[in-house]
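Line by line, the protein sequences are chains A and B.
Positions 1 to 114 (the numbering used here) are the ones given, in order, by the first sequence.
Positions 1 to 115 (the numbering used here) are the ones given, in order, by the second sequence.
Notes for the one structure printed next.
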Amino acid sequence: DAGVIQSPRHEVTEMGQEVTLRCKPISGHDYLFWYRQTMMRGLELLIYFNNNVPIDDSGMPEDRFSAKMPNASFSTLKIQPSEPRDSAVYFCASSLSSGSNEQFFGPGTRLTVL
Amino acid sequence: AQTVTQSQPEMSVQEAETVTLSCTYDTSESDYYLFWYKQPPSRQMILVIRQEAYKQQNATENRFSVNFQKAAKSFSLKISDSQLGDAAMYFCAYRRSNTGNQFYFGTGTSLTVIP
């Protein structure tokens with residue numbers, strides 16, 4: 001398996017623009033997580049899905065952030081409108097509900113909002 | 001709420017020496033999982049080692065081992081024979097065993113390996 005795939009790897013945009021981050025989880029995994037990592041706040045859980053259904057979105061910072069999982073192999077995290085304080089590395093991770101439950105992380109998307 | 005504390009923002013170790021990274025957690029659960037993840041400069045998060053709370057035996061993976069003290073809620077990572085490639089950010093994480101797969105991460109420890 002190719003592991004968790006995220007795109008793009010880097011994104012530079014201007015304040016006010018819409019940003020869409022994409023994630024393909026490992027095939028067969030039924031949990032998907034979105035994290036944000038910054039120097040100031042460390043690794044924060046934004047939202048997670050189980051079987052494509054959002055379970056906990058309490059980490060989503062505000063209404064400008066939204067996430068969807070239309071099917072088991074694809075998820076998006078959208079920021080509209082983007083602000084400079086959204087600059088961070090965004091990780092997607094997936095896991096199985098059984099077994100070791102290890103979370104497998106994607107390579108991350110480094111977002112810079114100018 | 002579960003919290004994970006890593007009290008050492010930065011650590012350094014001489015190559016070939018041993019270093020121990022600390023982690024404590026707060027929980028009222030009796031059954032749970034603990035993990036150490038490594039994040040090198042490439043920023044890829046890589047699982048180093050895991051421990052099931054119901055197991056008394058400390059987990060070991062080659063040069064990496066843990067000291068799991070359930071009563072003290074402590075989960076330290078020992079790296080033996082440190083190598084330059086061990087230089088990275090290390091995160092401790094907690095997961096409950098019976099609800100969801102949500103992880104709670106510590107703030108990380110940055111490890112420098114001195115040649």
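Even for Gly, the Cβ is constructed at its ideal location relative to N, Cα and C.
Owing to the predicted nature of the structure, the values given are computational and were not obtained by experimental measurement.
>> Going by DSSP in three states, residue 42/A sits in which element: helix, strand or coil?
In response: Within the first sequence, numbered from 1, the residue matching residue 42/A stands at position 42. Residue state, collapsed to three classes: strand.
>> Please report the distance separating the alpha-carbon of residue 4/A from that of residue 20/B.
In response: In the first sequence, residue 4/A corresponds to position 4, counting from 1. In the second sequence, residue 20/B corresponds to position 20, counting from 1. Cα-Cα distance, rounded: 30 angstroms.
> Mind checking whether residue 37/A and residue 91/A have CB atoms under 8 angstroms apart?
Replying inline: In the first sequence, counting from the first residue as 1, residue 37/A sits at position 37. In the first sequence, counting from the first residue as 1, residue 91/A sits at position 91. In this structure, residue 91/A lies closer than 8 angstroms to residue 37/A by Cβ.
> Would you call residue 95/B buried or exposed, if buried means 16 or more other Cβ atoms sit within 10 Å of its Cβ?
Replying inline: As a working mapping, residue 95/B is identified with position 95 in the second sequence. The residue in question, residue 95/B, is buried, as its Cβ has 16 or more Cβ neighbours within 10 Å.
>> Going by DSSP in three states, residue 96/A sits in which element: helix, strand or coil?
In response: Here residue 96/A refers to the residue found at position 96 when the first sequence is read from its first residue. It is coil, neither helix nor strand.
>> Let me see if you follow: with CB-CB separation under 8 angstroms, is residue 54/A close to chain B or not?
In response: Indexing the first sequence from 1 puts residue 54/A at position 54. Taking Cβ atoms only, chain B never reaches closer than 8 angstroms to residue 54/A, which makes this a no.
> Among 38/B, 45/B, 56/B, 43/B, which has the Cα closest to the Cα of residue 64/B?
Replying inline: Reading the second sequence from its first residue, position 64 is the one you call residue 64/B. Among 38/B, 45/B, 56/B, 43/B, the Cα nearest to that of residue 64/B belongs to 38/B.
>> Between which two residues does the beta strand (DSSP E) holding residue 14/A run?
In response: The sequence position of residue 14/A within the first sequence is 14, counting from 1. Element bounds for residue 14/A: n/a, residue is neither H nor E.
>> Would the segment 77-84 of chain B count as touching the segment 8-24 of chain B if we require 3 or more Cβ pairs under 8 angstroms?
In response: yes
>> If distances are taken between C-alpha atoms only, which option among 27/B, 11/B, 12/B comes closest to residue 4/B?
In response: Residue mapping note: residue 4/B aligns to position 4 of the second sequence, counting from 1. Nearest of 27/B, 11/B, 12/B to residue 4/B, Cα basis: 27/B.
> Which same chain residues, not among the five before or five after residue 47/B, have their C-beta less than 7 angstroms away from its C-beta?
Replying inline: By 1-based counting over the second sequence, the position of residue 47/B is 47. 35, 37.
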